[in-house]
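Below is one structure, written out as structure tokens; comments come after it.
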């Protein structure tokens, strides 16, 4: 079925070695973040550096919470990410279905518009959004951040869900329609369960879009109590006066959820993006 | 399996009111009009004014003067060039490494599933965390990158990577490509599943070597995905901000000053909102032009292959 059947069923040692090198390159930076977080302060600036974690140093993770206001940051980030997820999915499901199943005037421009949003840098819309949120009294609120992030997360999600719904045979829906179900019922109770993996992938994308987002969180929020983890951590980039191992510990706490969740759903993300666009 | 669905016996759409698609798509359209299109229009108007960050309500309409200023000099020309280099390098290298990784992970070996999952990890890491750890890795005195170079006997092992004009862009590129090559790998890997094993075997029986098999059988199958991938990577590279801003702020002396960084600097360092908007509009037009070329090229390809 797969490649290189000519060179035998199993991969040769050279191939295995190359795979190992690629994996080491892929994993090293995060491994290094982890090692640094578990390096005793005395050894942080030693040459040669410690290359294995000191497993007696786990208390750094607890101490980091005292040295850095991580708890507030993480809670704010979770609120923003959760809000972005709920709002994005709520906004994306029905348009995705419409793009997949209906023909209607304006469909082409709508689909094109969704794609075009991929070209807009957040930094470009900061100033006008700042003005709009000022009028809506949403500056310095997590709600404002959720609204801004959703605008950037929702097009990709719509695209992925559209690709997934394309794969659902219409016969299944026809049967329900004969039974008198409305379209809305069909979408919610028949189509959505069938695309559950892609829905999960979409939720992960939206969540970590909100979790990762930096520009809006930096510019639309000035209240320290509303600071997100992305902005908080960004303040430590290239700075050595706060204990580096504490900063890296916070970095690990901030990174780990994203990595774990993406591992589960990345298959569906790629399948959806490419299917949605190639056949678009 | 789907033959019945597209057959002539298919029932006509019975009771869908004509406004149903608009009910479904409408809320999202309104949302995007409000939070994407309207601000974009505001930004376009802003680019025709002189507006200070300190009093953003006061605009002086100056026509195309901001654009004229971009052409006349300053950092815009070099920002364009750096954006070009950065984008081309990102797309080319990410696809190169992605293709390599995909081909490696396509053939069966023990632990392949785990390897496929692990290789995607960089793509999932939040950019702020990536900037944080790579800045530490590139630290001139204590960074493990320089330590590794010294251990390997390179004289470059004392360089201040992020603060040296000739080295900052390569360091940023290395970081970016580390982050995005897994996405390329996964996309190409999924495209490789569509390669016909019969064709491949036939080519091998005909005595084709690996490179010829790749060119004749594998590449034509994965080409549409790779082309689309390159479009996504291009657009994303044109708008990438967090990594570059946090690692170098576009410096040293503009060495990593891409268009988006220049836009941010104009707006929030020099406080010239009009000039910032003009930079943004130029970047957007470039992205649109590239997308247009892509769609034209793929359309031509499809026509050439007799599809549609």
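Residue numbers (the numbering used here), protein chains in the order written: chain F, 75 to 354; chain P, 17 to 324. Cβ atoms here follow ideal geometry from the backbone N, Cα and C, with glycine treated the same way.
Neighbourhood of residue i by C-beta, 6 Å cutoff - its chain only, sequence neighbours within 5 removed
| i | result |
| --- | --- |
| residue 274/F | 339 |
| residue 147/P | 259, 262, 263 |
| residue 103/F | none |
| residue 19/P | With a pLDDT of 39 at residue 19/P, under the threshold of 50, the predicted position of this residue should be treated as unreliable, though the coordinate-derived value follows. The answer is none, since no qualifying residue turns up. |
| residue 272/P | 184, 185, 188, 260, 264, 266 |
| residue 104/P | none |
| residue 106/P | 192, 253 |
| residue 66/P | 76, 78, 290 |
8 Å Cβ shell around residue i - same chain, five flanking residues per side excluded
| i | result |
| --- | --- |
| residue 156/P | 162, 174, 175, 176, 177, 179 |
Cβ shell of residue i (< 7 Å), same chain only, five flanking positions each side left out
| i | result |
| --- | --- |
| residue 306/P | 250 |
| residue 325/F | 107, 307 |
| residue 114/F | 128, 131 |
| residue 78/F | Unreliable positioning characterises residue 78/F in this predicted model, as indicated by a pLDDT of 42, which lies under 50. A coordinate reading is not provided. |
| residue 280/F | 158, 159, 162, 163, 227, 231 |
| residue 289/F | 196, 197, 200 |
| residue 323/F | 111, 134, 135, 138 |
| residue 320/F | 134, 137, 138, 141, 142 |
| residue 268/P | 179, 180, 181, 184 |
Run of the alpha helix (DSSP H) containing residue i, from where it starts to where it stops
| i | result |
| --- | --- |
| residue 29/F | Nothing in the structure corresponds to residue 29/F, since chain F is present only between 75 and 354. |
| residue 197/P | 181–208 |
| residue 162/P | 160–167 |
| residue 203/F | 196–209 |
| residue 217/P | 213–221 |
| residue 175/P | No alpha helix (DSSP H) holds residue 175/P; DSSP gives it neither H nor E. |
| residue 136/P | From DSSP, residue 136/P is part of no alpha helix (DSSP H); its letter is neither H nor E. |
| residue 149/P | 143–153 |
| residue 85/P | 81–88 |
| residue 228/P | 226–229 |
Residue i - DSSP class collapsed to helix/strand/coil
| i | result |
| --- | --- |
| residue 246/P | helix |
| residue 65/P | strand |
| residue 340/F | helix |
| residue 23/P | Residue placement at residue 23/P is flagged as unreliable, the pLDDT there being 42, under the threshold of 50; the coordinate-derived value follows with that caveat. If DSSP states are grouped into helix, strand and coil, residue 23/P belongs with coil. |
| residue 327/F | helix |
| residue 314/F | coil |
| residue 102/F | helix |
| residue 88/F | helix |
| residue 318/P | helix |
| residue 17/P | Unreliable placement is indicated for residue 17/P, whose pLDDT of 38 sits below 50; no coordinate value is reported for it. |
| residue 116/P | helix |
| residue 233/F | helix |
| residue 106/P | helix |
| residue 306/P | helix |
| residue 312/P | helix |
Amino acids of chain P, ordered along the chain, whose beta-carbon sits closer than 9 Å to that of residue i
| i | result |
| --- | --- |
| residue 141/F | Per Cβ cutoff of 9 Å: no residues; residue 141/F is ~16 Å from chain P at best. |
Host beta strand (DSSP E) of residue i (start-end)
| i | result |
| --- | --- |
| residue 76/P | 75–77 |
Contact set between residue i and chain F, taken where Cβ atoms lie within less than 8 Å
| i | result |
| --- | --- |
| residue 150/P | 103 |
| residue 283/P | 197, 200, 201 |
| residue 286/P | Under the 8 Å cutoff, chain F gives no residues; its nearest Cβ is about 13 Å from residue 286/P. |
The ligand PLP heavy atom lying under 8 Å from the CB of residue i
| i | result |
| --- | --- |
| residue 260/F | The ligand content of the structure shown is nil, which means the ligand PLP is not present either. |
Closer than 9 Å at the beta carbon, the chain F residues around residue i
| i | result |
| --- | --- |
| residue 255/P | 192, 193, 194, 195, 196, 197, 198 |
| residue 296/P | 194, 195, 197, 198, 199 |
Cross-chain neighbours of residue i in chain P, by beta carbon under 8 Å
| i | result |
| --- | --- |
| residue 123/F | 158, 160, 163 |
| residue 237/F | Near residue 237/F there are no residues of chain P at all, since even the closest Cβ is about 12 Å away, more than 8 Å. |
| residue 176/F | 32, 36, 37, 40 |
Interface residues of chain P facing residue i [CB-CB closer than 7 Å]
| i | result |
| --- | --- |
| residue 340/F | 136, 202 |
Neighbour list for residue i in chain F, Cβ cutoff strictly below 7 Å
| i | result |
| --- | --- |
| residue 40/P | 168, 169, 171, 172 |
| residue 276/P | 195, 197 |
| residue 66/P | Those do not exist, as residue 66/P stays about 14 Å from chain F at its closest Cβ, beyond 7 Å. |
- Item | Segments of 4+ residues assigned as alpha helix (DSSP H) that fall wholly inside the segment 251–291 of chain P | Complete alpha helix (DSSP H) runs here, min 4: 258–264, 275–280.
For this session: Identify each residue in the segment 81–102 of chain P for which the Cβ-Cβ distance to at least one residue of chain B is less than 7 Å, and report them in chain order.
Result: Judged by its chain identifiers, the structure shown contains no chain B, and its protein chains are F and P.
- Query: Which ranges does the alpha helix (DSSP H) cover as unbroken runs of at least 4 residues, wholly within the segment 106–194 of chain F, from first to last along the chain?
  - Reply: Within the segment 106–194 of chain F, the alpha helix (DSSP H) runs of at least 4 residues that lie entirely inside it are, in chain order, 133–141, 144–175, 181–190.
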